[in-house]
């Protein structure tokens, strides 16, 4: 039987080169007085040659592979040297080097990697005008904020120890810094969404996206932000409502993956509160977009100071909950669910999804999750009341109280 694996890698490499070559040809960089390195034919041949070099490497013919790859790179360099006499623009030559690298990967058998690299590279070339327009809209403050966030995520985070240090669950520096990154990232995403869509639309969109990760963190961030920008209280409240509404499908989707029986048992508890959240979003979405007055953009898109304060508050809550559980016990699954739901609904979901394997019925496990979500809604309502402006707390706490009431009624009826 003929092994088609090497042929497939070479074909993928050649097609990847053809894709980039077509874009270069259509954009006018392959013809005319200011033509660059090459067009569709040159890039197709370059990709196929690189794929063949990668296949030679798999056959342990390293010398031949190096010669072919080096020759392809030398050809690109020669093309750049010739074209640079007329103007400095290395996009086509850089694309050719990417095609060579992706072709080598395809020839080595890494087809998914090669295809992904070519797809992203072609998209970058096609969306040239939009990317340039986006870069032109970035101001100095946004650039500095992005650089600071990069340092926080790439430099500081890996240096922090895991922990824990101390009693009652201890302090986990890396986990706390992840919270800081989430808070600052959420503030920055809200800032960018506000610039793109306006304040009335931007913060609700940011809240919906943030709710996929943590509705509690969104509530903290937006409640605090409403104090600094009271004119945006309604938009921030709608964003918080969107994040809290996203909690219910997030938990159900996780349970469908972890244990479908528990997901089915939980469904009656979350239908009503989820419907209430969706209805509130539909009713308040247009209002929030039309009544928000003009306001200056915040001078600090990252809001690092408030993020540090929120992370410290979370640590205090975690220590208090762990201490209460240590001294007073959990008192059964339902009480444990309510306690754990105060801090981490995702951890509660994972823990309860394993209970049927330990002999607990899916109904009891689902009820414990419902108790945790109920406690979480009440805690977020308390956060809104304690930290938000009057308009923010009225809208947010009212809906969260309605969600909690719906869950409580479902628990009472289904028990």
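Numbering (this note's numbering), first residue to last: 76 to 490. All C-beta atoms, glycine included, are put in the ideal place defined by N, C-alpha and C.
For residue 197, I'd like the list of residues in its chain whose CB is within less than 8 Å of its CB, leaving aside the five on either flank, ordered along the chain.
Correct list, in chain order: 94, 95 and 98.
Here's a check: name, in chain order, each residue in its chain whose Cβ is nearer than 8 Å to the Cβ of residue 460, leaving out the five neighbours to either side.
Cβ within range, chain order: 468 and 472.
Of the listed residues 317, 329, 356 and 344, nearest to residue 483 (C-alpha basis)
In terms of CA proximity to residue 483, 344 leads the group 317, 329, 356 and 344.
Report the residue from 134, 139 and 151 whose alpha carbon sits nearest the alpha carbon of residue 118.
It is 151 whose Cα lies nearest to the Cα of residue 118.
Apart from the five residues just before and just after residue 370, which ones in its own chain have a Cβ nearer than 8 Å to its Cβ?
Bear in mind that the predicted position of residue 370 carries a pLDDT of just 41, short of 50, making it too unreliable to give a figure here.
Any idea what DSSP makes of residue 84, helix, strand or coil?
Here residue 84 sits in helix by DSSP.
For residue 224, does the three-state DSSP call read helix, strand or coil?
The answer is helix: DSSP assigns residue 224 an H, G or I state.
Alpha-carbon to alpha-carbon, residue 248 and residue 227:
Cα-Cα distance, rounded: 13 Å.
Measuring CB to CB, does residue 122 end up less than 9 Å from residue 92?
A contact, by the Cβ cut-off of 9 Å.
Which runs of the alpha helix (DSSP H) fall wholly inside the stretch 162–194 and span at least 4 residues, in chain order?
Those alpha helix (DSSP H) runs which fall completely within the stretch 162–194 and span 4+ residues are 166–182.
By the three-class DSSP mapping on this structure, what secondary structure does residue 349 have?
The three-state secondary structure of residue 349, taken from DSSP, is helix.
Distance, Cα to Cα, residue 279 vs residue 322?
One alpha carbon belongs to residue 279, the other to residue 322, and they sit about 15 Å apart.
Residue burial classification, residue 18 (beta-carbon count within 10 angstroms, cutoff 16):
The structure shown has nothing for residue 18, since the chain only spans 76 to 490.
Could you give the residue range of the alpha helix (DSSP H) that holds residue 432?
In this chain, residue 432 is not harboured by any alpha helix (DSSP H), its DSSP state being neither H nor E.
The alpha helix (DSSP H) enclosing residue 442, as first and last residue numbers
Element bounds for residue 442: 437–462.
Following the continuous alpha helix (DSSP H) through residue 417, name the residue where it begins and the one where it ends.
Judged by DSSP secondary structure, residue 417 falls outside any alpha helix (DSSP H); it is assigned neither H nor E.
What's the C-alpha gap between residue 350 and residue 230?
Residue 350 and residue 230 have their C-alpha atoms some 42 Å from each other.
Return the CA-CA distance between residue 338 and residue 416, expressed in angstroms with no decimal places.
Answer to the nearest angstrom: the Cα atoms are 17 Å apart.
Selection from 293, 324 and 326 that minimises the alpha carbon distance to residue 310
If you compare the alpha carbons of 293, 324 and 326 with that of residue 310, the shortest gap goes to 293.
Straight-line Cα distance separating residue 348 from residue 477:
Using only the alpha carbons, I get a separation of about 7 Å.
Only counting the same chain, and skipping five residues up and downstream in sequence, which positions put a Cβ closer than 8 Å to that of residue 144?
Only 125, 128, 175 and 179 meet the Cβ criterion.
So the alpha helix (DSSP H) residue 125 belongs to, where does it begin and stop?
Its alpha helix (DSSP H) spans residues 115–133.
Since residue 240 sits in a beta bridge, which residues does DSSP pair it with?
For residue 240, DSSP records a beta bridge to 246.
Is residue 335 closer than 9 Å to residue 444 when the C-beta atoms are compared?
The Cβ atoms of residue 444 and residue 335 do not sit closer than 9 Å to each other.
In angstroms, rounded to a whole number, what distance separates the CA positions of residue 281 and residue 314?
Roughly 7 Å separates the two Cα atoms.
Short check: CB of residue 326 to CB of residue 420, under 9 Å?
The answer is yes: Cβ separation under 9 Å.
Is the separation between the beta-carbon of residue 328 and that of residue 355 shorter than 9 Å?
Not a contact, by the Cβ cut-off of 9 Å.
Run through DSSP, which three-state label would residue 202 get?
Residue state, collapsed to three classes: coil.
How long is the line joining the alpha carbons of residue 136 and residue 200, rounded to whole angstroms?
So the alpha carbons of these two residues sit roughly 34 Å apart.
Does the distance from the C-beta atom of residue 224 to that of residue 253 stay below 9 Å?
It is not a contact, given that the beta carbons lie outside the stated cut-off.
Hey, residue 188 and residue 298 are a contact pair by Cβ (cut 8 Å); roughly how many whole angstroms apart?
Wrong, their Cβ atoms sit about 43 Å apart, outside the cutoff.
Go to residue 103, then tell me how far its alpha helix (DSSP H) extends in each direction, as first and last residue.
No alpha helix (DSSP H) contains residue 103, which DSSP labels as neither H nor E.
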